[in-house]
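The structure appears right after this line, and notes come after that.
Numbering (our numbering), first residue to last: 524 to 686.
Laid out in structure tokens, this is it:
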């Protein structure tokens, strides 16, 4: 897992402009919203899902205001019996706990069985993305399109889907 200092170094290396808001530890977007109120940016949520046998994983990045219908999402992704990755799996794969999962968990962590998806509506409606930068006492704000720059720098491909 990259700590916050390493996230800052990556952002500088990739020439991605960003802002940081520091706040008390939060474990959900609802909790974080209190601390970042008034700042422009999509309140994103990052889900890590798995197929039936937990051999393939799906990182889904979407606007926090949307609800997930697992059956419908499974149809879109072409995956039967889609389910959330366990806390233990998140820790072992990404070195992260739920509540701070983001694309930063993929940095220096190439996994051939991880597929990344973005919600098209989120991309079309927002210019600024927010994540916890591997630290739930901070929220990072940066241009939405730079998510792709981060992923590409790590050798990941992604798809844009309609929920």
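Glycine residues also receive a C-beta, built at the ideal position from the N, C-alpha and C atoms.
From a predicted model like this one, the values you see are computed outputs, not experimental measurements.
Which residue comes first and which comes last in the beta strand (DSSP E) that contains residue i?
{"i": "residue 664", "result": "661 to 666"}
{"i": "residue 681", "result": "681 to 684"}
{"i": "residue 543", "result": "542 to 545"}
Terminal residues of the continuous alpha helix (DSSP H) containing residue i?
{"i": "residue 653", "result": "First-last for residue 653: 651 to 654, but that is the beta strand (DSSP E), not the alpha helix (DSSP H)."}
{"i": "residue 673", "result": "669 to 676"}
{"i": "residue 658", "result": "Careful: residue 658 lies outside any alpha helix (DSSP H) and carries neither H nor E."}
{"i": "residue 537", "result": "Run containing residue 537: none; DSSP gives neither H nor E here."}
{"i": "residue 555", "result": "552 to 559"}
If distances are taken between C-alpha atoms only, which option among the options comes closest to residue i?
{"i": "residue 645", "options": "666, 637, 636", "result": "666"}
{"i": "residue 587", "options": "568, 595, 616", "result": "568"}
{"i": "residue 601", "options": "611, 579, 563, 649", "result": "579"}
{"i": "residue 679", "options": "604, 534, 626", "result": "626"}
{"i": "residue 570", "options": "669, 623, 668, 683", "result": "623"}
{"i": "residue 634", "options": "617, 647, 648", "result": "617"}
{"i": "residue 694", "options": "681, 664, 546, 593", "result": "Missing from the structure shown is residue 694; the chain here goes from 524 to 686 and no further."}
{"i": "residue 576", "options": "583, 557, 612", "result": "612"}
{"i": "residue 548", "options": "541, 564, 559, 539", "result": "559"}
{"i": "residue 674", "options": "541, 639, 543", "result": "639"}
{"i": "residue 606", "options": "555, 592, 614, 615", "result": "592"}
{"i": "residue 672", "options": "643, 538, 529", "result": "538"}
{"i": "residue 585", "options": "552, 594, 562", "result": "552"}
{"i": "residue 689", "options": "544, 572, 573, 609", "result": "In this structure the chain extends from 524 to 686, so residue 689 is not present and cannot be described."}
{"i": "residue 550", "options": "676, 669, 661", "result": "661"}
{"i": "residue 574", "options": "596, 564, 557", "result": "596"}
{"i": "residue 683", "options": "621, 581, 641", "result": "641"}
{"i": "residue 609", "options": "532, 581, 530", "result": "581"}
{"i": "residue 653", "options": "598, 565, 589, 572", "result": "565"}
Just checking my contact of residue i with residue j at CB under 8 Å: how many whole Å lie between their CB atoms?
{"i": "residue 563", "j": "residue 663", "result": "Not confirmed; about 13 Å, so no contact."}
Legend entry - Ordered list of beta strand (DSSP E) runs contained in the region 561 to 645, each at least 3 residues: 565 to 573, 580 to 586, 637 to 642
Legend entry - Three or more C-beta pairs below 8 Å linking the region 657 to 669 and the region 621 to 641: yes
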